[in-house]
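Peer 1:
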Amino acid sequence: MINFEQNLKNDIAQIINKQFDNANLTPDEIIINQTRKDIKGDFSVILFPLAKKLKTSPQQIGQKIIENLQNKPYIENLDLIKGFLNITIAPQYWINFLSTLEQSTISEYVKQPNPQKILIEFSSPNTNKPQHLGHIRNNLLGDSLSRILKQIGHQVIRLNLINDRGIHICKSMLAWKKWGNGITPDKAGKKGDHLVGDFYVMFEQNYKKQVQELIAQGIPKEEAEKKAPLIQEAQEMLRKWEQGDPEVLKIWKMMNQWVIKGFEQTYRELGIEFDKIYFESETYQLGKKIILEQLKKGTVKQNPDGSIYIDLTDIGLDKKILLRSDGTSVYITQDIGNAILRYNEFNFDLHYYVVADEQIYHFKVLRETLKRFGYDWADKLIHFSYGMVELPEGKMKSREGKVVDADDLIEEMYKTAEEISQKQGKLEGLKPAEKQQIIKQIGLAALKFYILNVDPKRKVLFKPEESIDFQGKTGPFVQYTYARIQSIFRKARENGIDIDFSSVQAELNDKEIDLIKAIYFYPQVIINAAQEMNPSIIANFVYELAKDFNSFYHDYPILKAQPDVRNMRLLLSDQTAKVIKHALNLLGIEAPERM
514 MINFEQNLKN
524 DIAQIINKQF
534 DNANLTPDEI
544 IINQTRKDIK
554 GDFSVILFPL
564 AKKLKTSPQQ
574 IGQKIIENLQ
584 NKPYIENLDL
594 IKGFLNITIA
604 PQYWINFLST
614 LEQSTISEYV
624 KQPNPQKILI
634 EFSSPNTNKP
644 QHLGHIRNNL
654 LGDSLSRILK
664 QIGHQVIRLN
674 LINDRGIHIC
684 KSMLAWKKWG
694 NGITPDKAGK
704 KGDHLVGDFY
714 VMFEQNYKKQ
724 VQELIAQGIP
734 KEEAEKKAPL
744 IQEAQEMLRK
754 WEQGDPEVLK
764 IWKMMNQWVI
774 KGFEQTYREL
784 GIEFDKIYFE
794 SETYQLGKKI
804 ILEQLKKGTV
814 KQNPDGSIYI
824 DLTDIGLDKK
834 ILLRSDGTSV
844 YITQDIGNAI
854 LRYNEFNFDL
864 HYYVVADEQI
874 YHFKVLRETL
884 KRFGYDWADK
894 LIHFSYGMVE
904 LPEGKMKSRE
914 GKVVDADDLI
924 EEMYKTAEEI
934 SQKQGKLEGL
944 KPAEKQQIIK
954 QIGLAALKFY
964 ILNVDPKRKV
974 LFKPEESIDF
984 QGKTGPFVQY
994 TYARIQSIFR
1004 KARENGIDID
1014 FSSVQAELND
1024 KEIDLIKAIY
1034 FYPQVIINAA
1044 QEMNPSIIAN
1054 FVYELAKDFN
1064 SFYHDYPILK
1074 AQPDVRNMRL
1084 LLSDQTAKVI
1094 KHALNLLGIE
1104 APERM
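For the sequence shown, this note's numbering gives the first residue as 514, with consecutive numbering after it.
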């Protein structure tokens, strides 16, 4: 594949070394970016660093480059604006680039020279409720980031830590024991995670009543929340669980199996996979052991009530409780143990935790605690923080049952995809099995694209009705563009048109050049998305590419064009489709051949 930036760097370095005494400039010292869309040009040379090195003005350097570069055959135009030299490539060279694409792959141009071993931990659901819309964003971000980092050559290991122990789990267990009457998912006709979630809500509702009754008796709210019988029973159940009580463990194992089976079904629907799944119940003891060892060393301290804490007030954090007074673990207990376990197991270069921005403080404490425990690799732990997903009516609340359930949402997306597709005639002539497959592909594309086209740092206000629109900024619109291109090639074959990509020569119009340029810059888009850990860069790029192709398709004939032009446009269409499919795959979205 032609590398215009490298050619420019080589030529410009040669010019500067010849025109300026003792410049000794290497091509790598020249900074070249894609020219902004609102400015004429393809590439922009940034002259300010060169001016500093050469101790002369950017204008003088730019003029010297123009004088010596303008006769190069691949240059169409040079425009010096302040400290930037904007370069336009001759159309013939874009044709040459397009012709070389058949012999190259995207992977060749995005592989990074120093690949790393990167752990990405995501999903991490609790086994006291089904996954909801917030989990979907977590799952989709973790999955897409894994795909993008793997694409540029890193060794990516996808991890899932299932939180299957703790007070929240005991709440569901206690409610089932009190009010379940032996109900099972099979008897209830429900997925196991949904059934267990019902008992979690049931616990919270009854617990809230007890708290209100105590407050009515004159007990302060904070005290009432601790003294309510239900929470005390749940805490006692947790103590029994950690002591290995057979009855408690039996209920726990049974209900956990229900939930995990339900989770597996949700992951299958979303197309999410993991390389390794951990269970908190199997790893939390390691954290306790390490904390008790640090207590002997004096790194951590013990309160009069027996709880253990670390004092981080000297760096603006707080006195963080690491073990409760009754010896039971808190979230950071297991995170300490798991971080050490992962490093010993994988010797990772980076470990990303995909967790919402509500936990920023938690991960600051985790890193600092591990540092003080003597683990110098603690800075390799990175919190990938993202904004929460909210509904038009406000935040979701699991305790009150006010959530958008993941399974219900996925099913709703399928139904909406079917309704809109039928209405617009997108599924006519398809066999039932093929129709159902495409409906699922469209529904998931709508959901995934809606979530992933937003910068992870921003909140998402989810409106399902906006996510499926074959004309808007949506996954189905991008899918439809890919399917449209496949339809062009089917028609070409049906009409006996000979497709020859071996010799492509034709005069390009502006829309064709824009499409070729987008394809050219796609590898850099992938690299940018990886460096910024931001799948929305891919999503926004592929939407713009699809939009540009549709504009081109509307304005110019493809199959009815003259043979040389037709071959060029077919090659351009083919390469556009390949990039669309590749980009969608990085978002975890499938590209249907028909729609």
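All C-beta atoms, glycine included, are put in the ideal place defined by N, C-alpha and C.
Should Q745 go down as buried or exposed, given a rule of 16 or more other Cβ atoms within 10 Å for buried?
Peer 2: Exposed.
Peer 1: Determine whether the beta carbon atoms of K577 and Q532 lie at a separation below 8 angstroms.
Peer 2: Yes, the Cβ-Cβ distance between K577 and Q532 is below 8 angstroms.
Peer 1: For D982 and T601, I'd like the C-alpha separation in whole angstroms.
Peer 2: Whole-angstrom Cα-Cα distance: 36 angstroms.
Peer 1: For F897, write down the residues that DSSP places opposite it in a beta bridge.
Peer 2: Beta-bridge pairing links F897 to V867.
Peer 1: How close, in whole Å, do the beta carbons of N951 and P733 come, if the pair is a contact with beta carbons under 8 angstroms?
Peer 2: Note on residue identity: the sequence assigns Ile, not Asn, to residue 951. Not confirmed; about 59 angstroms, so no contact.
Peer 1: In or out: N651 buried (at least 16 other Cβ within 10 Å) or exposed?
Peer 2: Buried, by the Cβ-count rule.
Peer 1: Is the Cβ-Cβ distance between A564 and Y587 less than 8 angstroms?
Peer 2: No, the Cβ-Cβ distance between A564 and Y587 is not below 8 angstroms.
Peer 1: Is the beta carbon of A1005 closer than 8 angstroms to that of L1072?
Peer 2: Yes, the pair counts as a contact, with Cβ atoms nearer than the cut-off.
Peer 1: Looking at the secondary structure, which residues open and close the alpha helix (DSSP H) in which I574 lies?
Peer 2: I574 -> alpha helix (DSSP H) spans P571 to L582.
Peer 1: Answer yes or no: do L957 and R1107 have a C-beta to C-beta separation smaller than 8 angstroms?
Peer 2: In this structure, R1107 does not lie closer than 8 angstroms to L957 by Cβ.
Peer 1: If distances are taken between C-alpha atoms only, which option among T618, L646, H707 and L654 comes closest to T640?
Peer 2: The option with the nearest alpha carbon to T640 is H707.
Peer 1: Does G887 pass the burial test, meaning 16 or more other C-beta atoms within 10 Å, or should it be called exposed?
Peer 2: With fewer than 16 other Cβ atoms within 10 Å, it is exposed.
Peer 1: Can you grab the Cα-Cα spacing for the pair F1034 / T569, in whole Å?
Peer 2: C-alpha separation (whole angstroms): 32 angstroms.
Peer 1: Looking only at its chain, what residues have a beta carbon closer than 8 angstroms to the beta carbon of L862, apart from the 5 residues adjacent to it on each side?
Peer 2: One point to set straight first is that residue 862 is Asp, not Leu, in the sequence displayed. The answer, listed in chain order, is Q629, K630, I631 and K893.
Peer 1: How would you call R797, buried or exposed, if buried means at least 16 neighbouring beta carbons within 10 angstroms?
Peer 2: Note on identity: in this sequence residue 797 is Tyr, with Arg being the wrong assignment. By the neighbour-count rule (16 or more Cβ atoms within 10 Å), Y797 is buried.
Peer 1: Is DSSP giving S911 helix, strand or coil here?
Peer 2: Bear in mind that a pLDDT of 43 at S911, under 50, signals an unreliable position, so the model cannot answer this.
Peer 1: For S557 versus I574, is the C-beta spacing smaller than 8 angstroms?
Peer 2: Contact: no.
Peer 1: Here's the rule: buried if 16 or more other CB atoms are within 10 angstroms of the residue's CB, otherwise exposed. What is D824?
Peer 2: It counts as exposed.
Peer 1: Can you give me the C-alpha to C-alpha distance between G757 and S934, rounded to a whole angstrom?
Peer 2: About 54 angstroms.
Peer 1: Could you give the uninterrupted runs of the beta strand (DSSP E) lying entirely in the region 821-856, keeping only those of 3 residues or more?
Peer 2: You should have 821-824 and 832-836.
Peer 1: Fully enclosed by the region 712-751, which alpha helix (DSSP H) runs are 4 residues long or longer?
Peer 2: Listed in chain order, they are 734-740.
Peer 1: Just to confirm my understanding: we take S620, look at its own chain, exclude 5 residues before and 5 after, and list those with CB closer than 8 angstroms. What are they?
Peer 2: The residues are Q664.
Peer 1: Let's see if you can read the secondary structure: which residues bound the beta strand (DSSP E) around I544?
Peer 2: That run of the beta strand (DSSP E) goes I544 to Q547.
Peer 1: For H681, which residues from the same chain have a beta carbon less than 8 angstroms from its beta carbon, with the 5 sequence-adjacent residues on both sides left out?
Peer 2: So the qualifying residues of the chain are N639, N641 and Y713.
Peer 1: Residue ranges of each alpha helix (DSSP H) run of no fewer than 4 residues wholly in the region 909-970, ordered along the chain?
Peer 2: Those alpha helix (DSSP H) runs which fall completely within the region 909-970 and span 4+ residues are 919-936 and 945-965.
Peer 1: Where DSSP assigns a beta bridge to I873, which residues make up the other side?
Peer 2: Answer by DSSP bridge pairing: none, since I873 is not bridged.
Peer 1: Quick check on N537: buried or exposed, where buried means 16 or more other Cβ atoms within 10 Å of its Cβ?
Peer 2: Classification of N537: exposed, given that the 10 Å Cβ count is below 16.
Peer 1: Give every residue of the same chain whose Cβ lies closer than 7 angstroms to the Cβ of N590, excluding the five residues on either side of it in the sequence, and list them in chain order.
Peer 2: So the qualifying residues of the chain are T601.
Peer 1: Only counting runs of 3 or more residues, tell me where the beta strand (DSSP E) segments fall wholly within the region 637-713, in order along the chain.
Peer 2: Runs of the beta strand (DSSP E) inside the region 637-713: 668-675.
Peer 1: Roughly how many angstroms separate the alpha carbons of G914 and H864, rounded to a whole number?
Peer 2: Low confidence applies to G914: its pLDDT is 47, below 50, so where it sits in the model is not reliable enough to give any reading.
Peer 1: In whole angstroms, what separates the C-alpha of G775 from that of Q519?
Peer 2: So the two alpha carbons sit approximately 52 angstroms from each other.
Peer 1: Answer yes or no: do W1111 and V709 have a C-beta to C-beta separation smaller than 8 angstroms?
Peer 2: Nothing about residue 1111 can be read from this structure; the chain reaches only from 514 to 1108.
Peer 1: Run through DSSP, which three-state label would V902 get?
Peer 2: Strand.
Peer 1: Sort P905, L658 and K684 by Cα distance to L513 and report the nearest one.
Peer 2: There is simply no residue 513 to check, as the chain begins at 514 and stops at 1108 in what is shown.
Peer 1: Can you name the start and end residues of the beta strand (DSSP E) that Y791 belongs to?
Peer 2: From DSSP, the beta strand (DSSP E) with Y791 extends over K789 to F792.
Peer 1: Below 8 angstroms between beta carbons: does that hold for N1027 and N1080?
Peer 2: Reading off the sequence, residue 1027 comes out as Asp, not Asn. No, these two residues do not count as a Cβ contact at 8 angstroms.
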